[in-house]
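For the sequence shown, our numbering begins at 149 and goes up steadily by one. The beta-carbon is built from N, C-alpha and C at its ideal position, and this holds for glycine as well. Bear in mind the structure is a predicted one, so any value in this text is a computation, not a measurement. I have placed the structure first, in the form of structure tokens, so that the comments after it can refer back to it.
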Amino acid sequence: MPPTPRFRQGAGRPSLDFLRTLRHRGTADAVEELPDAEALLAWVRQCGPCAGATGAADAAHARDLREAVHALITAARAGRIPDARDVDEVNSAAAHPVPVPHLAPTGHLVWQADAPVRATLALVARDALDLATSPSLTRLRNCAGPTCRALFLDISRPGNRRWCSMGTCGNRAKKETLRGRKDSGGA
């Protein structure tokens, strides 16, 4: 049985999955998931294309990039011009080389980079720039979970998805609604 993933994925875009490394953003229960280089390497291995990533990992730089990506996307959603420092941070990260695909002798696709962490963060930054300037921005939602509020891309046909994950936040909300009905004597 494969190990349980350490980091949440499934937001619909790599940059949004990266933003999830600050869990419960804006609440008293905020949890930093990238406290050190080891955690950043683990994120790159799980969420990036370079599954065997090793080498230099500057967690403080990654957290700065994450906050710049958040500010960029937040400004874009509000129709505001983002802060120049945030734009510079994301543009600088996006300028680095990205992982390159290679077909291994076994027939499997592998991704390689001289600096896999920096290359994966370049992918994140490029994705954030694309998202902030694309029509997909109108499909960006905040999870309706009161303690979650994670951003996700709503690709449902009607465009009315409420939770980042039906398996976690959606299920929790439905259980709380059912519990409330039972406590009040209904259904």
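Would you kindly work out how many angstroms separate the C-alpha atoms of residue i and residue j, rounded to a whole number?
i    : j    : result
L288 : P249 : 29 Å
C317 : W311 : 6 Å
A187 : L170 : 12 Å
P197 : D177 : 30 Å
L213 : A292 : 25 Å
D234 : F166 : 16 Å
P183 : A223 : 26 Å
Would the beta-carbon of residue i fall within 8 Å of that of residue j?
i    : j    : result
H172 : T268 : no
A216 : V238 : yes
L342 : A242 : Beyond the ends of the chain as shown, which are 149 and 335, falls residue 342; an answer cannot be given.
A185 : A199 : no
R154 : Q194 : yes
Using a 10 Å radius around the Cβ and a threshold of 16 neighbouring Cβ atoms, would you call residue i buried or exposed?
i    : result
L131 : Beyond the ends of the chain as shown, which are 149 and 335, falls residue 131; an answer cannot be given.
H256 : exposed
I229 : exposed
I336 : The chain is shown only over 149 to 335; residue 336 falls outside these bounds and no answer can be derived.
G307 : exposed
R168 : buried
S163 : buried
V265 : buried
Between which two residues does the alpha helix (DSSP H) holding residue i run?
i    : result
Q194 : A185 to C195
N239 : A232 to A242
L182 : Neither: L182 is in no alpha helix (DSSP H) and is coded neither H nor E.
Identify the continuous beta strand (DSSP E) that holds residue i and give its terminal residues.
i    : result
L299 : L299 to L301
H250 : V248 to L251
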